[in-house]
Amino acid sequence: MRKGIVMEQKRKYTIVMTSDGRFHRADRLEAAEVGMEVQFNVAEENRNLFGWTQILRDNRMKIAIATIVFLVTLLPVFSWYGSNQAYAYVNLDINPSFEMELNDKMQVIAMNPQNEEAEDILALLEDWKRQDASEVTLQTIRISKQQGYVNQEEQVLVGISYVKSDQEQNSFPKEIETYLTGESAGMSIAAFYVPSSIRNEAKDSGKSVNAVMAEYLTASSSETKRAREPMTVDDTDQEIIRSFYNKDTRQVADSDPDEKEQNTKSLPNSPKPVNGEKDLEEPQFSNGQKNNSIKNGTIKKDNKGNPKPAQEDKDKQKDRPAKKEKKNERDEMERQERKEQQEKEKRMKKERKEEKKQERKEEKKEKKDQHHKEKGEKNKKPPKEKKNE
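Structure below.
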């Protein structure tokens, strides 16, 4: 217990001054009055709590500054994460086919070639990463045109789909189509929105997204469930899409000799008889003369009244299967030769592409070496001249 004089009464404690002039918080003394000498116990727990409150009050500004610094430090991390996440996909079909991944700033973060031609074009593209999708698409179209990959109608399909459904209704397809049409004179550009359901179906089936979109546009409501999707492609773009893939179908059919021959064989060789008429040929001898026995009425007839072929004609009929078999063998050999020729041409084309690619790599390496060499010579300091003593 300590002794002191009561200086002030508070609601929860009493302030007491001891003989050494120090002030203490004591447990509240209900009967004590100011100026009265009392015995008291120091309220240790309350004093410690009061001390921590003071510390927090004194360091409040420091805590606020530390919090701000922490948040500012995290901002670049969030920005980097957002700029590396796929926000949308651009499916580009010229003849090279690409799938571009875009971030929320519509910058290209990945380019995925879908065929061999696209791999060749990708090797020629420079500085495409983190560039605007419109600029990269335009650069891809120009290089494809220089390499002769654009079709005769100079058509380009740009199908755009989004990761989240709430991002689907925006003006980006219209903006990129207007930009590409203005920068690519004479080209037919179709930029359109592709629903996520169609993109997922294309991925599951292994088909091009724009190809599945073309199937959806040509299907009637009774043919497929996809026809219940809302129509968001205008008539001009629909015509370009249909023409792009219909032309590809015709080119494949024309370039395949086996399919063309099969179609030719499926056609009838001669018109069928009409109204039950019998298409009878007069029997002929080996020298090509007509059988006069028909005129004389001496030719033998079968039970149905049809003339029986002569023995020579019977021999010819026996030879027909053998001749047909030989003809089939010749046709098979010709098909095999055409197939080998096509494979040879493909190999030669592939070899030429590899040679061109190697040449481009060597040229690029030479330019790089030359650049380093020039840079080294530029940075090289001339030797200092000795002063004449």
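Residue 360 in my numbering sits at position 359 of the sequence shown, and the numbers go up by one each step. Every residue, glycine too, gets a C-beta built ideally from N, C-alpha and C. Quick caveat, the model's predicted, so the values are computed rather than measured.
At least three beta-carbon pairs within less than 8 Å, the region 205 to 215 to the region 121 to 130: no
Coarse secondary structure for residue 327, derived from DSSP in three states: helix
Length of the line joining the Cα atoms of residue 108 and residue 131: 5 Å
Assigned secondary structure, residue 349 (DSSP; H/G/I helix, E/B strand, else coil): helix
Member of 176, 207, 206, 160 whose CA lies at the smallest distance from the CA of residue 393: Outside the displayed range of the chain (2 to 390) lies residue 393, so it cannot be described from this structure.
Neighbourhood of residue 180 by C-beta distance below 7 Å, restricted to the same chain and skipping five residues each side: 135
Nonlocal neighbours in the same chain, by C-beta distance under 6 Å from residue 40, ignoring five residues either side: 2, 4
Collapsed DSSP secondary structure at residue 376 in the structure displayed: helix
Sequence-distant residues of the same chain with beta carbon closer than 8 Å to residue 242, five excluded per side: 158, 191, 193, 211, 214, 215, 218, 234
Integer-rounded CB distance, given that residue 35 should sit under 8 Å from residue 8: 7 Å
Cβ separation of residue 89 and residue 209, assumed to be a contact under 8 Å, to the nearest whole Å: Incorrect: roughly 17 Å between the Cβ atoms, too far for contact.
Spatial distance of residue 172 from residue 374 (CA atoms): 48 Å
DSSP-derived helix/strand/coil call for residue 365: helix
Beta-bridge pairing of residue 152 - partner residues as DSSP gives them: Answer is none; residue 152 lacks a bridge partner.
Spatial distance of residue 295 from residue 321 (CA atoms): Summary for residue 295: the model assigns pLDDT 42, below 50, so the residue's position carries little reliability, and this model does not support an answer.
Integer-rounded CB distance, given that residue 141 should sit under 8 Å from residue 99: 7 Å
Length of the line joining the Cα atoms of residue 102 and residue 183: 24 Å
Three-state class that DSSP yields for residue 100 in the structure shown: strand
For residue 24, the residue or residues it bridges with in DSSP: 18
Under 7 Å between C-beta atoms of residue 145 and residue 151: yes
Same chain, Cβ closer than 7 Å to residue 86, neighbours up to 5 away in sequence not counted: 104
Run of the beta strand (DSSP E) containing residue 4, from where it starts to where it stops: 3 to 10
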